[in-house]
Amino acid sequence: MPCNGSQNGDPTFPFFDGPFPPAEPTRRRRPGNGDCGGNGNGNGSGNCNGNGNGNSNGNGDGCDAPAYASFCQRGSLDIDADSPIPFNARSCPDRNICLEDGVVRLRRPGAYAVSYTFAVPENYTFFSNLFLTMNGETVPGSATQIEKNTTSNSMVYSGQAIVQAGECAKLSLVSSEPVDITAGSSDPIATLVVHRL
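Numbering (this note's numbering), first residue to last: 973 to 1169.
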C-alpha cells in the first residue's frame, strides 16, 4: 500500500507491550496521537505528507507493533550514477513500511535494521559502490564496494546497517556508478530487507 494511498484502518492491528512480541500477541487499540492514524475510529485516507483525518500526523488511534518488509528489483535495471534503485516487488507487506514509486517509505519513526544484496550475473563486469541513504543523506557504514572483473561466474554482494528514521523517512539503495543489467524475469538483482527494532 503506498504511503499516499487509501487506508481503511484496522481496529485489530496488533499492539505489543514490550520490545519483543509475546507468543500470542494481544490485539487492542490505544488512544492518542498516532502515526497509523485515523479519525478516532481507525479509519482515514492516510498519507505521509497531508493534513487532516487519517494522516501520519493526525489525531487518531496510535499503534505500536513490530514492522518488517522485504523488497526486490528483478528483471532489468538501468539507472544513472548516484540514482536510487527502484524496487518493483515486495513480500511481507506491512502498512508502515511501504513502497512508493519504487522508493521505500518508513511511516513510523524509530530504529530499523536494514540489509541489502546486489547480484551481478555471470556475463557482466561491474564496478561500483553501493550505499544506503535516508532522506537523501548517506547512511554511515552502509557502503559495499563491488569489483567484478570476470564473466566466468555470477557474484552477490551484501551490506547492512542500523538506521534511525523519522516519520515517513525515505530509504534508498544507491549505486555510485550507472547500472545496466538484465537478469531473468524472476531473478532479483537487488534486495532490501527492513525490520523495525
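Backbone N, C-alpha and C define an ideal beta-carbon position, used for all residues, glycine too.
- Proximity of the region 1065 to 1072 to the region 1085 to 1096 falls short of the contact definition, fewer than three beta-carbon pairs being nearer than 8 Å.
- In this structure, the straight-line span from the alpha carbon of F1103 to that of G1074 is close to 17 Å.
- According to the DSSP assignment, F1090 belongs to the beta strand (DSSP E) that extends over G1082 to V1092.
- Less than 8 Å separates the beta-carbon of E1149 from that of A1053.
- For E1139, the three-state secondary structure derived from DSSP is coil.
- Counting only residues of its own chain and dropping the five nearest sequence neighbours on each side, C1044 has a CB closer than 7 Å to the CB of F1059, A1061, P1160, A1162 and T1163.
- The alpha-carbon of V1135 is positioned some 14 Å away from that of R1079.
- Setting aside the 5 residues that flank it on each side, N1125 is surrounded in the same chain by E1094, each with a C-beta closer than 6 Å to its C-beta; the list follows chain order.
- In the three-state scheme derived from DSSP, where H, G and I count as helix and E and B as strand, G1131 is classed as strand.
- Residue environment analysis places C1064 among the exposed positions, since fewer than 16 neighbouring C-beta atoms fall within 10 angstroms of its C-beta.
- In the three-state DSSP reduction, L1169 falls in the coil class, being neither helix nor strand.
- Per DSSP, the unbroken beta strand (DSSP E) holding D1152 starts and ends at V1151 to T1154.
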